[in-house]
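Chains as they are written, first to last, in the working numbering: chain A, 1 to 93; chain B, 94 to 357. Virtual Cβ for every residue (Gly too), placed ideally from N, Cα, C. Everything numeric in this text was worked out from a predicted model, so none of it was measured. For reference, the structure discussed in these notes is given below.
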Amino acid sequence: MTAEPLWEVFVRSRRGLSHIHAGSLHAPDAAMALRNARDVYTRRQEGVSIWVVPSSSITASSPDEKDAFFDPAGDKVYRHPTFYDIPDEVRHL
Amino acid sequence: MSPIGTWDGGARSATALEPRVEYVLGLGDDALVLAQRLGEWIASGPQIEEDMALANIGLDLLGQARSLLSYAGELEGAGRDEDALAYLRDERDFRNLQIAERPNGDFAVTMARQLAFSAYQFELYTRLQASADALLAGVAAKAVKEVAYHRDHATQWVLRLGDGTEQSHQRMQAGLDEIWPYVDEMFDADPVVAQLATDVAVDPVGLREPWAAYVDRVLAEATLDVPEPAFHGRGGRRGLHTEALGYLLAEMQHLHRVHPGATW
């Protein structure tokens with residue numbers, strides 16, 4: 001049954017947070033992928049919501065393009081909001 | 094030696110206990126024995142995802158069994174805890190329905206068994222939530238959500254295998270044919286239930302109709318035929334079992350009997 005397509009699983013751990021990639025699995029179709037994801041990735045109460053996406057639908061950046069893609073951001077410290085005083089009441093920044 | 098025709102299997106059936114103990118043990122044994130069966134799939138499933146799914150279902154059932162067997166021991170008042178009941182009773186004192194002990198067979202047999210049994214447990218626990226026995230009602234309220242998922246899982250596979258390829262259809266039908274002789278027993282009138290107050294236990298006879306309404310719809314959608322078995326297994330609640338249970342218990346009980354009280 002290795003011919004079954006691969007799915008990427010995203011789990012939202014609680015309300016208010018975003019779905020985070022949890023891993024991947026095999027399943028014959030989307031409905032079964034959702035159920036497999038429930039069994040594999042939320043058996044210890046890790047989540048309140050699951051997305052599954054066919055792995056083939058994901059367009060990923062290539063490791064070969066790593067330098068061109070990511071290095072230019074390396075020396076742009078002024079893009080970080082570190083020059084502001086953050087009020088104590090703001091907890092998620 | 095007496096003539097073969099006079100042997101009465103019933104005379105050797107399970108030791109009689111108080112009706113409520115018998116009832117709780119029956120439900121607990123169903124869950125325990127099927128949990129053990131499902132555990133046999135671990136590392137042998139058609140895919141690792143299915144290993145997890147079957148193990149999860151087995152563990153849900155084991156949780157139900159632990160609550161029910163502990164409660165049965167408490168009601169009995171003879172000092173037997175869940176371990177004593179699980180590991181130190183012999184075949185004749187197990188009261189599970191025969192469907193729970195039937196061997197896994199191929200994946201289709203396991204899914205046929207799971208569909209039939211989970212659909213039964215779903216109807217049972219749905220009603221048992223209203224039991225006047227607070228512990229039974231509590232176990233049922235928790236378990237009904239678990240069982241709803243078990244039923245759904247089996248349904249998904251029966252639909253896909255039944256309405257899949259020619260090969261999967263034929264094997265799914267064979268799986269149903271293998272399990273269906275043990276379906277009727279789930280809905281047999283139970284003398285133990287008759288002895289209990291009507292608001293404590295659930296009469297299994299009344300579960301047949303809602304069960305069939307669900308299962309027949311799944312089989313129809315899966316393009317499968319409802320089997321018409323040539324025989325019907327019966328008597329699990331009285332301690333009469335198929336040969337398969339003895340081997341299951343040997344494996345399940347061996348460690349505890351060799352090393353009593355072993356923990357890790």
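Within 9 Å of any Cβ in chain A, is that where the Cβ of B/Met145 sits? yes
For chain A, is any of its Cβ atoms less than 9 Å away from the one on B/Glu142? yes
Between the region 234-259 of chain B and chain A, which residues of the former have a C-beta closer than 7 Å to a C-beta of the latter? His246, Gln249 and Arg253
Do B/Asn189 and B/Asp123 have their C-beta atoms within less than 9 Å of each other? yes
For B/Glu314 and A/Pro54, the rounded distance between their alpha carbons: 26 Å
Just to confirm my understanding: we take B/Val240, look at its own chain, exclude 5 residues before and 5 after, and list those with CB closer than 8 Å. What are they? Asp153, Ser211, Gln214, Phe215 and Tyr218
I'd like to know if B/Asn149 contacts chain A, where contact means its C-beta is closer than 9 Å to some C-beta of that chain. yes
Report the option in A/Ala3, A/Ala31, A/Val40 and A/Leu17 whose CA atom is closest to the CA atom of A/Ser24. A/Val40
Pull up the distance between the alpha-carbon of A/Gly47 and that of B/Ala282, whole angstroms please. 42 Å
Can you confirm whether the region 305-313 of chain B touches the region 220-232 of chain B when touching is taken to mean that 3 or more C-beta pairs between the two stretches lie within less than 8 Å? no
Separation of A/Ala37 from B/Val359, as counted between CA atoms: Residue 359 of chain B lies beyond the stretch modelled for chain B, which goes from 94 to 357, so this question has no answer here.
At a CB-CB cut-off below 8 Å, which residues of chain B make contact with A/Glu4? Gln140
Step through the CB atoms of chain B and report whether any lies within less than 9 Å of the CB of A/Ala22. no
Check the Cβ-Cβ distances between A/Asp67 and every residue of chain B, and say whether any is below 9 Å. no
What are the boundary residues of the alpha helix (DSSP H) that B/Gly151 is part of? Ile141 to Glu169
So what's B/Ile272 in DSSP terms, helix, strand or just coil? helix
Tell me, please, which residues DSSP counts as bridged to A/Pro54. A/Trp7
Scan the region 38-63 of chain A for residues whose Cβ lies nearer than 7 Å to a Cβ of chain B and list them as they occur along the chain. Asp39, Val40 and Arg43
In three-state terms, what does DSSP make of A/Arg12? strand
List the residues of chain B whose Cβ lies closer than 7 Å to the Cβ of A/Leu25, in chain order. Glu142
Would the beta-carbon of B/Arg195 fall within 9 Å of that of B/Glu142? no
Quick one: does A/Arg12 have its CB under 9 Å from some CB of chain B? no
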